[in-house]
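Residue numbers (this note's numbering), protein chains in the order written: chain A, 44 to 338; chain B, 43 to 599; chain C, 192 to 522.
Beneath this line is the structure, given in structure tokens, with notes to follow.
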Amino acid sequence: MKYAFYPGCVSKGAAPELYGATIEVCNRLGIELDTKTMEGASCTGSGVLQEKNEKLGDTLNARTFAMGENSGLPIMTICSTCQGVMSQAKSRMTDLEYREAVNTSLSDENLEYKGQAEPRHLLWIIIEDIGIEKFKEKIVKPLTGLKIAPFYGCYIVRPSDALGFDENPDRKHSLEMIIEAVGAEVADFPGKSACCGFPILTINEKNSMKMVSNHTLSAKKEGAVAMVTPCPLCHLNLDGYQPTASKQVGQPIDLPILHLPQLIGLALGIDPKILKLNQHIVNTKSVVSALALTP
Amino acid sequence: MFDFDVIVMGAGLAGMRAALAASQNGSKVAVITKVYPVRSHSNAAQGGINAALTDRGDNWEDHAFDTIKGSDYLADQDAVEVMAKEAGSEVINMEHMGAAFNRDDEGRLGVRAFGGQREARTFFVADFTGQALLHVLHEQVLSSGVQVFEEWFVTTLIMEEERCVGLVAMDMRTGELHVMRSKAVIIASGGVGRVFEPSTNALICTGDGIALAYRAGAGIMDMEMVQYHPTTLKNNGALMSEAARGEGAYLLNSEGERFMERYAPNMMELASRDVVSRSEQTEINEGRGIDGCVLLDARHLGEKLINERLLQIRQLGIDFAGKDMVTDPVPIRPGMHYIMGGIKTDIDGRTSVAGLYAAGETACVSVHGGNRLGANSLLDTLVFGRRSGEHASEWVKTQASASINDNHANVSLDEIQNLLDRDTGEMFGQIRLDLGQTMNNHLAVYRDQTGMEKAKSDLAGLKQRYSSVIVQDKNKIFNTNLIFTLELGFMLDCAETTIIGALERKESRGAHTRTDMPDRDDKNWLKHIVVTQVGGKSEVEYVPVNITKWQPQERKY
Amino acid sequence: MAATGKKILGNLQNMDVDLNIARFDPESDEKKPYRQEFNIEVDETSTVLDGLIKIREEVDGTLGLRCSCRSAICGSCAMRVNGQAVLACNTKISDLVSDENKSVNVEPIGNMKLIKDLIVEFDTHWQKIKAIEPWVKTDAPPPEAEYIASNESMMELIGVMGCIQCGACVSDCTVLAVDESFLGPAALAKAYRFLADPRDDANNQRLKDLNEPSGMWDCTRCMQCVEVCPKGVDPMGRIMKLRDFAMEAGYKNTTGARHAEVFSDIIKNNGVLNEFWLPVKTFGMFNIPEMLKLAPIGLKAMMRGKMPPIFYEKIPGSKNITKLFEKTKVL
Numbered sequence: 044m045k046y047a048f049y050p051g052c053v054s055k056g057a058a059p060e061l062y063g064a065t066i067e068v069c070n071r072l073g074i075e076l077d078t079k080t081m082e083g084a085s086c087t088g089s090g091v092l093q094e095k096n097e098k099l100g101d102t103l104n105a106r107t108f109a110m111g112e113n114s115g116l117p118i119m120t121i122c123s124t125c126q127g128v129m130s131q132a133k134s135r136m137t138d139l140e141y142r143e144a145v146n147t148s149l150s151d152e153n154l155e156y157k158g159q160a161e162p163r164h165l166l167w168i169i170i171e172d173i174g175i176e177k178f179k180e181k182i183v184k185p186l187t188g189l190k191i192a193p194f195y196g197c198y199i200v201r202p203s204d205a206l207g208f209d210e211n212p213d214r215k216h217s218l219e220m221i222i223e224a225v226g227a228e229v230a231d232f233p234g235k236s237a238c239c240g241f242p243i244l245t246i247n248e249k250n251s252m253k254m255v256s257n258h259t260l261s262a263k264k265e266g267a268v269a270m271v272t273p274c275p276l277c278h279l280n281l282d283g284y285q286p287t288a289s290k291q292v293g294q295p296i297d298l299p300i301l302h303l304p305q306l307i308g309l310a311l312g313i314d315p316k317i318l319k320l321n322q323h324i325v326n327t328k329s330v331v332s333a334l335a336l337t338p
Numbered sequence: 043m044f045d046f047d048v049i050v051m052g053a054g055l056a057g058m059r060a061a062l063a064a065s066q067n068g069s070k071v072a073v074i075t076k077v078y079p080v081r082s083h084s085n086a087a088q089g090g091i092n093a094a095l096t097d098r099g100d101n102w103e104d105h106a107f108d109t110i111k112g113s114d115y116l117a118d119q120d121a122v123e124v125m126a127k128e129a130g131s132e133v134i135n136m137e138h139m140g141a142a143f144n145r146d147d148e149g150r151l152g153v154r155a156f157g158g159q160r161e162a163r164t165f166f167v168a169d170f171t172g173q174a175l176l177h178v179l180h181e182q183v184l185s186s187g188v189q190v191f192e193e194w195f196v197t198t199l200i201m202e203e204e205r206c207v208g209l210v211a212m213d214m215r216t217g218e219l220h221v222m223r224s225k226a227v228i229i230a231s232g233g234v235g236r237v238f239e240p241s242t243n244a245l246i247c248t249g250d251g252i253a254l255a256y257r258a259g260a261g262i263m264d265m266e267m268v269q270y271h272p273t274t275l276k277n278n279g280a281l282m283s284e285a286a287r288g289e290g291a292y293l294l295n296s297e298g299e300r301f302m303e304r305y306a307p308n309m310m311e312l313a314s315r316d317v318v319s320r321s322e323q324t325e326i327n328e329g330r331g332i333d334g335c336v337l338l339d340a341r342h343l344g345e346k347l348i349n350e351r352l353l354q355i356r357q358l359g360i361d362f363a364g365k366d367m368v369t370d371p372v373p374i375r376p377g378m379h380y381i382m383g384g385i386k387t388d389i390d391g392r393t394s395v396a397g398l399y400a401a402g403e404t405a406c407v408s409v410h411g412g413n414r415l416g417a418n419s420l421l422d423t424l425v426f427g428r429r430s431g432e433h434a435s436e437w438v439k440t441q442a443s444a445s446i447n448d449n450h451a452n453v454s455l456d457e458i459q460n461l462l463d464r465d466t467g468e469m470f471g472q473i474r475l476d477l478g479q480t481m482n483n484h485l486a487v488y489r490d491q492t493g494m495e496k497a498k499s500d501l502a503g504l505k506q507r508y509s510s511v512i513v514q515d516k517n518k519i520f521n522t523n524l525i526f527t528l529e530l531g532f533m534l535d536c537a538e539t540t541i542i543g544a545l546e547r548k549e550s551r552g553a554h555t556r557t558d559m560p561d562r563d564d565k566n567w568l569k570h571i572v573v574t575q576v577g578g579k580s581e582v583e584y585v586p587v588n589i590t591k592w593q594p595q596e597r598k599y
Numbered sequence: 192m193a194a195t196g197k198k199i200l201g202n203l204q205n206m207d208v209d210l211n212i213a214r215f216d217p218e219s220d221e222k223k224p225y226r227q228e229f230n231i232e233v234d235e236t237s238t239v240l241d242g243l244i245k246i247r248e249e250v251d252g253t254l255g256l257r258c259s260c261r262s263a264i265c266g267s268c269a270m271r272v273n274g275q276a277v278l279a280c281n282t283k284i285s286d287l288v289s290d291e292n293k294s295v296n297v298e299p300i301g302n303m304k305l306i307k308d309l310i311v312e313f314d315t316h317w318q319k320i321k322a323i324e325p326w327v328k329t330d331a332p333p334p335e336a337e338y339i340a341s342n343e344s345m346m347e348l349i350g351v352m353g354c355i356q357c358g359a360c361v362s363d364c365t366v367l368a369v370d371e372s373f374l375g376p377a378a379l380a381k382a383y384r385f386l387a388d389p390r391d392d393a394n395n396q397r398l399k400d401l402n403e404p405s406g407m408w409d410c411t412r413c414m415q416c417v418e419v420c421p422k423g424v425d426p427m428g429r430i431m432k433l434r435d436f437a438m439e440a441g442y443k444n445t446t447g448a449r450h451a452e453v454f455s456d457i458i459k460n461n462g463v464l465n466e467f468w469l470p471v472k473t474f475g476m477f478n479i480p481e482m483l484k485l486a487p488i489g490l491k492a493m494m495r496g497k498m499p500p501i502f503y504e505k506i507p508g509s510k511n512i513t514k515l516f517e518k519t520k521v522l
């Protein structure tokens, strides 16, 4: 299986550990990545650009979709926000009239979005294209005894009608499926599909930090030794700003936050250093050493 | 003790319109409502509001005649004239307040056709006109000085020397009873739907105001006129708006036939509601129904139109009947929907009790007579809501407050304490269900002497059971168990007036169709039946129908 | 009160389910919420509300809940079912249970003070609705007849006026969960209704007020309100439109507006985001207090190799992206 890899902005900027881990893990899983096709693809707009001009956001994404269609390869994303924004754009552009209007702007580049591109997150690709049973077969170091809390990121769970949940109901609990497939136990907590606070970080830091501390402490209460998220923006807040959140709530948190490929990478037996687990703001030593202790 | 110039009971369209009018005229106004105003049942009205706008070449007299014919000539023509004349300004007024009416290509108010009218004069907001108007009126109330007592339940009117001088209400949040003094009380508490099972009406439609007025000695009129709406869902009695037929939907029987051809060849599916309901019931009774229903077929209208104008009922069909009207016909049947009767009022909302007014579905002016046309109810609430508010507000300027005190709450306190103290007995639920089924069996579309007498004796039995009803919840805070039990008492009183009126009227007219007396008898029965409680007993009197321009004719569609 | 077992429907599959209900008795000594499970028989068309009414009428008359129309128009029966805010009257029990799981969890809606069982206080909600001044304001007296307005503009209003004030969006709003002062999705959507109304003249004042803290910019774009709204009002979409209106009207001096402008600017010129310049330009390089706050975080990031380059490379073909921005005249 080969995919046109769309890494998104953050994995090439503030979360390079995600990019590296993705390459490693896809390698091991037999997922071939074409990194050239999406080189000229723009940011999805992240919902912020859509605030200013929704149609422009759709145009940029249609451009990306068209590039994918031209390559003949399905598009793979590694960010909940990229996935959600793209899915919503796709949903709006099922209206032929609207899609045609968008396509007129792309004619200068000889690009045309034909409505076929189906960008999907690595999380879904594992469940749907590899299959959970085949995936389990590749696990060499099951994370037995480790409780991991899932944190989805809003954009990959809402709005459900744009994300294909009716046709693919497993997507609703995909992250829990992966956690169990790698041999770990799910630390279920109420905020797993709530907001991490990243979008309001610069606007209302107090609220943003409260969300971070609520979710991390709530996960810890359920016995989680780490949290895993398929969204690097969530990661930036939950990991990068965890010290700030901890200071605000007046309580230590110290909950390692893993990117999805890092969790998978550990179970595939990849060296934590290669997965750049030493490049987090919140120290991941505790989870790595817990893993070392597992049989 | 609370003190106001005017108290309005009910925060639906009529209530809020009355409150606004009274407040704008300088009165100190309170609205008492047992639910948040936007929960009022006005929000369930779907299809639209009628008005003859002269700048469209329409004519209020045509609207008046359609209404009077629709009423099977029982409507009081002076009242109908007032309503038809003032309709235009009420609609424009609502638009000015922000109602998002549908527009035509020139940006002017758009219309749709509706039942029983020869001209399309129904102004609408998609298919949720009632909700749309209710919320706009609520916005206006929020910006006014009207005080709204939300989730307060009225237990009794206070009478002093045959004048209504206030009421007693329970703050549901605390369970405390409060005496509220007022120079005038306007009852706008809606209809009696829950007296029948099933019904399109919300659970709050328990006839509270009608019963309270009845107990206070006001005349209650035409209660035998109960409208069965032609298109309701079997599952939960939910309403499928007449707007569907207004936009062109068909009614089909099990043979795929547009059966209205045989009953109303001119207006077909848009004949008057009682005519359509009777036709449907006949088809069902004669074996051409499917599971007790006929079919509403809107497929030929196309998805675009349905989404633009009938979206809410499309969703209702999907949610509650499992049928998407874009691709499937929806099974429907007649269901109890509206009470044309109510507290007798004049054209200014005055009842037979001094200081007591009524407006909206609660009242019987009468503009709907024996059968109400679709989209005339929203109009009724606004026109007579406003008129009651204006008149009451003027009248109270010449009135002194009565000297009453907190002891006036004692009767209610005792009643409630008795209910709560009882430990053995029946809960309200089964009594209410039995009442609903009896009324639906014997006072529905087709009635006869035996059936109605059975209902009468059933009612006596139900009242007996009610006298020993218990309330399981002994708490004060938000005791809905107590509220439902008190409401059941109101419902039994309303049922009594309906049965009395139905047995009294020895003809068929409008919604009151007797298989044993199938003809309309203008010679003997062109009159209203008014039931009044005097010294604990109910008395019947007749009031002639007011005729201005239109002599009764044979009613054909 | 259509108690389900009494419906005259015939031939429907009956099933036994457990309704696990969160209860609270404000008059008890302990005054603590507790759970109570009721096992009832329902059929395949029964809604959660049918089940609750059945319990209230046949099993336990003390169960408190609000409900009225049973057809999703009055907004009374909003409650959390299996953790998500819904209208109980249009939520089918058969959609929630399976052969393996016959239990349904019912709780009061969130972010509102509990009164009793499933009944919550709507006081704060109405306060916020009133705070946005929800009535049409006009500068001039109205015309004789109706205002002339396009059907399109009315259809736009109809979309947002479909709101029945049920409180589902308020219940599940992730910002209200951490900050009571936020105006919230319902009030903001209602505010949009007036800004989008061609007859309302108070746009400037409204935008000014909504631009304040706890207003339109405090929404975290989590889409919970969009997901749970039973009437398709799309509160978040309306809030995004409010932001668009505000920026168009020149209200560009909030952090939120600057953030959106800077974001767009970066994409326009580079094609992709640069997380170094985004916060710096949003706050403004000369905003010393904010730069001081960012510094330690930036430092930590740099030490972990997570700092994006200050002199960012444009992606290949970024000229085309710039052209697209210019075509749509965004900036």
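Don't be surprised by glycine CBs; every beta carbon is placed ideally from N, CA and C.
Straight-line gap, residue i to residue j (C-alpha atoms, nearest Å)
i                : j                : result
TYR256 (chain B) : THR440 (chain B) : 26 angstroms
MET192 (chain C) : VAL250 (chain C) : Annotation note: pLDDT 28 at MET192 (chain C) (below 50); position unreliable, coordinate value reported separately. In a straight line, the C-alpha of MET192 (chain C) is about 14 angstroms away from that of VAL250 (chain C).
ILE252 (chain B) : ARG320 (chain B) : 27 angstroms
GLY201 (chain C) : ALA486 (chain B) : Residue confidence for GLY201 (chain C) is low, a pLDDT of 41 falling below 50, so the modelled location carries little weight and cannot support an answer.
LYS518 (chain B) : LYS321 (chain C) : 29 angstroms
Boundaries of the beta strand (DSSP E) in which residue i is found, first to last residue
i                : result
VAL221 (chain B) : 218-229
TYR399 (chain B) : 398-400
SER131 (chain B) : SER131 (chain B) -> not in any beta strand (DSSP E); alpha helix (DSSP H) instead, spanning 119-139.
THR574 (chain B) : 569-576
Contacts of residue i in chain C (Cβ-Cβ under 8 angstroms)
i                : result
GLN182 (chain B) : TRP326
Below-8 angstroms beta-carbon distance, residue i vs any chain B residue
i                : result
ALA193 (chain C) : For ALA193 (chain C), the predicted model reports a pLDDT of 31, less than 50, meaning its position is unreliable and no value from the coordinates is stated.
GLY252 (chain C) : yes
Interface flag, residue i vs chain A, CB-CB below 8 angstroms
i                : result
SER455 (chain C) : yes
LYS277 (chain C) : A quick correction: the sequence has Val, not Lys, at residue 277 (chain C). With 8 angstroms as the cut-off, VAL277 (chain C) does not count as an interface residue toward chain A.
TRP408 (chain C) : yes
CB contact below 8 angstroms: residue i versus chain C
i                : result
ARG201 (chain A) : yes
ASN283 (chain B) : Asn is not the amino acid found at residue 283 (chain B); the sequence shown has Ser there. For SER283 (chain B), the answer is no, since every Cβ of chain C falls outside 8 angstroms of its Cβ.
SER130 (chain A) : no
Cross-chain neighbours of residue i in chain A, by beta carbon under 7 angstroms
i                : result
TRP468 (chain C) : Ordered by position in chain A, no residue passes the 7 angstroms Cβ test against TRP468 (chain C), which lies about 10 angstroms from the chain.
GLU418 (chain C) : ARG201, PRO202 and SER203
Neighbouring residues, chain B, relative to residue i (Cβ below 9 angstroms)
i                : result
GLY266 (chain C) : TYR78, VAL80, ARG81 and ASN85
Proximal chain C residues relative to residue i, where beta-carbon distance stays under 9 angstroms
i                : result
CYS197 (chain A) : THR365, THR411, ARG412, CYS413, MET414 and GLN415
ARG464 (chain B) : Simply none; closest approach about 13 angstroms.
heavy atom of the ligand GTP below 7 angstroms from residue i C-beta
i                : result
LEU433 (chain C) : As far as ligands go, the structure on display features none, and thus does not contain the ligand GTP.
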